Amino acid sequence: EALKQAKAEAEANKVRGDGLAAELEARGEELREANEAVKRANTDLEYIKANAIKESHAAAQRQAQALEALKQEDDALLALRTQQWTDQLALLQSSAEQVETELKAQVG
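Start counting the sequence shown at 847; every next residue gets the next number (my numbering).
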């Protein structure tokens, strides 16, 4: 009788052990799937980060190009204004010399 009981307990323990092993296997599979999901999410984050850095660099480069274009435009406008002022000064000097010549002719 004790042998039967021991066999029955051993069988029950085997069934419980098989059930626990199956449960552990199922949980292990869940953990593997979760780990793969985390890896995919990390890969996605790295991709997003790399694109954000790339876009940031591109935006900074566009900004630098725009600033350079504005500087060149400012330089061109300054050169134009300088030439206009130089031309106007030459015209005023010429007019002053002409007035001076006329005054000398009238006085002289």
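Backbone N, C-alpha and C define an ideal beta-carbon position, used for all residues, glycine too.
Please read all numbers here as calculations on a predicted model, not as lab measurements.
Euclidean distance between Cα positions of residue i and residue j
i: A867; j: E876; result: 14 Å
i: L920; j: V884; result: Note that residue 920 is Asp in the sequence shown, not Leu. If you take the alpha carbons of D920 and V884, they lie about 53 Å apart.
i: V945; j: T932; result: 20 Å
i: D864; j: L870; result: 10 Å
i: A910; j: Q930; result: 30 Å
i: L949; j: A915; result: 51 Å
i: R908; j: K895; result: 20 Å
i: K853; j: N881; result: 41 Å
i: A942; j: A936; result: 10 Å
i: R886; j: Y893; result: 10 Å
i: A856; j: E879; result: 34 Å
Reduced DSSP category for residue i - H, G, I as helix; E, B as strand; rest coil
i: E847; result: coil
i: G954; result: coil
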